[in-house]
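Start counting the sequence shown at 2; every next residue gets the next number (our numbering). A virtual CB, placed ideally from N, CA and C, is assigned to each residue, including glycine. Here the structure is laid out as structure tokens; the discussion comes afterwards.
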Amino acid sequence: MSQRIVSFVMSGGVGSRLWPLSREDNPKQFHDFSGDGSMLARTLRRLTARPDRETPIFLIASERHAERVHADLAGIDLAGGGPLFEPTGRNTAAAVALASLRTLSEYGDELVLVVPSDHEISTPRQFWLSIEAGAAAANSGRLVVFGLKPAQPETGYGYIEVAADRGGVFDVSRFVEKPDLATARAYLDAGTFYWNTGIFLFRAGAMRDAFAALAPDIWQATEAAYKAATSDLSGLYMPLELYSEIPSISIDYAIMERAKDIAMVPAGFRWNDLGSWQSLLDVGPSDKDGNVIVGDVVAIDCENSYIRGDGRLLSAIGMKDVAIVSTADATFVAPVSRSQHVKKIVEQLEKSGRLETRFTPAHDHVIESGAWRQRVHHWLFDETLPLWSTSGVDERHGGFHEALGFDASPLMKPKRMRTQARQVYAFAVAKERGWDGPADRLIAHGIDFMAGRGRTDRGGWVRTLNIDGSVADPVEDAYDHSCVLLALAHAHISGHPDALRLGEETFAFLDAHLEDSRMTGFLETSDGEGERRSNPHMHLLEAFLAWHQATGERAYLRRASRIIDLFRSHFFDAESWTLGEYFDDGWKPVAGEKGAWTEPGHHFEWASLLVDFAARSGQTELTAFARKLYASAVANGLNRATGLSYGAVSRQGLPLDTVSRSWPQAEAIKAAIALDGSGGPDLKPEIEARVGRLFRWHIDPAPLGLWIDRIDERGRSLATDVPASIFYHLVCALMQYLDGTAGEIGAR
């Protein structure tokens, strides 16, 4: 048996040049463009086709795509290899270093072959002949690349310039980036330039030495992560905190463009990186007029065109040399000669906060809007509201219990003002939505307890009461006052006789004691000390909008606009599309991890409120901010194993709090509902999927009328009780879902 070659497939790219089909959550390597399986599966099968040779096959992929990866690995003999999962993308230098480390630790200083997962190579025998032709040079310690003789002046590929020919293996003079058309023509005429296929062959030790000389920081950081990795039957998992420390740079920049004595073997196989719709036209099965037709398409008098319809019927007449790609939520049309420029479209969509670049509508999960109506209606009106309107009410001491056990018995805990207010708010919303329970009595019961026991001498509201109603914590907190104002607004809508007066008194206190004297938002507490947070301001915005709804007075919109100004100027980071949580007195992010702390659940809440304010004020440009917040939370804030929102992630999308609570899932539903009618994509399938996840993980495993509030990253319950403060999140989100799907299937 000839020398072992340990093969590694890199599967971390997004493939934005094939948008709208390829997206962040479903990149091109997972697509089937030939009818013969995904590009990843075809790459793996090609590597298994090395004749009579030992070739362990490993896959370096994103942990977020683990489920897709395992599906493509099914039935493929990896000869002792397996997947290595990256918790976050760190570019190709990290992947090559990881491949070298794995080989050295498992097999010693053997040959390593690194290939992309998303290239079209239809001649596996010729592929392996070319690889074997480079083995001698690689064994001698050279880093070997593979170049393809250009057939035309191509501007979408990188190039390799070669010098001396040493028996079919060329010395590399330099690597050059993608050229303009004139330069590409000059390269073609020169005869010494080859297309760079992005395939590498080397001894593991030689690559280790190259990193040691040229990029030791990358090697050392990757080695630390590799040594701390954990493994199970599904693959090897790198620890996030260590892997994220690896510098993010391509292998070309880190090593290949700086190393000496690089060798190039001319590729004797058919190759296409499928980097544009033009390339798919070149390699796809064409009809007599040169068209590649995919999907439900009717094309008349069309020539040399790539026409693809995924979903609805697509029809075209008289098209020539064009690419037309239609998915369920987006359509792309361009001359095939300019189809590489789709990245410009993607960049424009990203800037405007469009979601179509980030995720694919979940058609395989949800067929019809309103699919969850019957379950939601039953849970709200037959299980949850009856339980919390009885077991959740403290009939002895007043107010509402702070939490219930999983046997629905009340737990004797201090009563936070925000929880009392939220219960009032939830019952008022239930009344507004047609609940025939004792809402008026419950609203009055809650307000009597709050106003009778929880007022301060200055007209504010205390933070916490003891079970018997005595004051436990007298601090006047902005967060609590926002919840009180929200509750009073909806109590006023529901007809409570004192809600308006209490609201006016609370606004007077807010202005006198909690407003920053510099007119830059509100203080955390009336003593003015401590860090500043965006979260109380978000809830004050929610309260101001509720009072505008309750009274129609534009003065409340003016109050809201000041919060919006803070959002624009300080809270929102335009580069990362994230929202900061913790700030100093000058509204600068605090130092350390807290300054980078973002909460996906708050992104969803802000998205809903921005859409609401935009509709009331006419500031329609705020909808783009809402889309960006939603897109950021979806792209970086979700646990890939459960689909649930993490507690917190960094501005770079690294998980900081891996617990998934129930309230962010409810807020994600509200955000998707708000954005669904705002001029972007059809989010109805997304709404159904999010309702489904809320029930799958948080509601269905719990006893009737209750929920599992805390779930770990593996989907296991961490909950010891059921906090009443979450009740309003669930009730309001699911009531909005019922509103939005009224008239759909299952409507009641």
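Buried or exposed: residue 106, going by 16 or more other Cβ atoms within 10 Å of its Cβ? Classification of residue 106: exposed, given that the 10 Å Cβ count is below 16.
Select from 86, 30, 139 and 195 the residue whose C-alpha is nearest the C-alpha of residue 118. The shortest Cα separation from residue 118 among 86, 30, 139 and 195 belongs to 30.
Less than 7 Å between the C-beta atoms of residue 710 and residue 720, yes or no? Closer than 7 Å, so yes.
Mind checking residue 180: buried by the 16 CB within 10 Å criterion, or exposed? When all chains shown are included, residue 180 counts as buried.
Below 8 Å on the Cβ atoms is my contact criterion, and I expect residue 94 with residue 219 to pass it. Report the Cβ-Cβ distance as a whole number of Å. Going by Cβ atoms, the distance from residue 94 to residue 219 rounds to 5 Å, so yes, they are a contact pair.
Taking 6 Å as the limit between beta carbons, can you name the residues of its chain near residue 324, skipping five residues before and five after? Cβ neighbours of residue 324 beyond the five flanking positions: 278, 307, 335, 337 and 340.
So residue 548 is in the alpha helix (DSSP H); what residue range does that whole segment cover? DSSP places residue 548 in the uninterrupted alpha helix (DSSP H) bounded by 536-552.
May I ask you to report which of helix, strand or coil DSSP gives residue 91? Here residue 91 sits in coil by DSSP.
Can you tell which of 657, 733, 656 and 715 has the C-alpha that lies nearest to the C-alpha of residue 669? Measuring from the Cα of residue 669, the nearest candidate turns out to be 733.
Evaluate the contact criterion for the segment 144-151 versus the segment 257-275: three or more CB pairs, one atom per stretch, below 8 Å. Three or more beta-carbon pairs drawn from the segment 144-151 and the segment 257-275 are found closer than 8 Å, and the two stretches are therefore classed as touching.
Is there contact between the segment 367-384 and the segment 683-695, where contact requires at least three CB pairs shorter than 8 Å? Three or more Cβ pairs drawn from the segment 367-384 and the segment 683-695 lie within less than 8 Å of each other, which places the two stretches in contact.
Note down, in chain order, each residue of its chain lying with its Cβ closer than 6 Å to the Cβ of residue 77, except the 5 sequence neighbours on either side. Non-local C-beta neighbours of residue 77 in its own chain, meaning closer than 6 Å and more than five positions away in sequence, comprise 45, ordered along the chain.
Whether or not the segment 214-233 and the segment 61-68 are in contact is what I'm after, with contact meaning three or more pairs of Cβ atoms, one per stretch, closer than 8 Å; do they touch? No, the segment 61-68 is not in contact with the segment 214-233.
What did DSSP end up calling residue 673 once you bin it into helix, strand or coil? If DSSP states are grouped into helix, strand and coil, residue 673 belongs with the helices.
Coarse secondary structure for residue 329, derived from DSSP in three states: If DSSP states are grouped into helix, strand and coil, residue 329 belongs with coil.
Which residue wins for smallest C-alpha separation from residue 678, given the options 178, 616 and 707? Selected option, being the one with the closest Cα: 616.
Check whether the segment 617-630 touches the segment 656-667, taking contact to mean three or more Cβ pairs, one atom from each stretch, closer than 8 Å. Inter-segment contact for the segment 617-630 and the segment 656-667 is absent: fewer than three beta-carbon pairs are separated by less than 8 Å.
Contact check, residue 27 vs residue 361 under 8 Å by CB: the rounded distance? Rounded, the Cβ-Cβ distance is 5 Å, consistent with contact.
Classify residue 79 as helix, strand or coil using the three-state DSSP reduction. Correct three-state label for residue 79: coil.
Could you tell me the distance, in whole angstroms, from the CA atom of residue 375 to the CA atom of residue 441? For the pair residue 375 and residue 441, the Cα-to-Cα distance works out to about 26 Å.
Secondary structure at residue 64, three-state DSSP: helix, strand or coil? If DSSP states are grouped into helix, strand and coil, residue 64 belongs with the helices.
Buried or exposed: residue 576, going by 16 or more other Cβ atoms within 10 Å of its Cβ? Exposed, by the Cβ-count rule.
Cβ shell of residue 651 (< 8 Å), same chain only, five flanking positions each side left out: Excluding the 5 residues flanking it on each side, residue 651 has same chain C-beta neighbours closer than 8 Å at 594, 597, 598, 599 and 657, in chain order.
Whole-angstrom distance between residue 714 and residue 387, CA atom to CA atom: Using only the alpha carbons, I get a separation of about 32 Å.
How is the beta strand (DSSP E) around residue 195 delimited, first residue to last? Unbroken beta strand (DSSP E) run through residue 195: 194-204.
Taking the alpha carbon of residue 172 as the reference point, which residue from 145, 280 and 178 has its own alpha carbon closest? Closest option to residue 172, Cα to Cα, is 145.
If I measure Cβ to Cβ from residue 644 and keep anything under 6 Å in the same chain, skipping five residues before and after, which residues do I get? For residue 644, where only same-chain residues beyond five positions count, the Cβ hits under 6 Å are 694.
Confirm, please, whether the CB-CB distance from residue 504 to residue 450 is below 7 Å. For residue 450 and residue 504, no; Cβs fall outside 7 Å.
From this set, 154, 300 and 666, which residue's C-alpha is nearest residue 289's C-alpha? Selected option, being the one with the closest Cα: 300.
Should the segment 208-219 be regarded as contacting the segment 249-261, the criterion being three or more beta carbon pairs within less than 8 Å? As far as the Cβ criterion goes, the segment 208-219 touches the segment 249-261, which means the pair count is three or higher.
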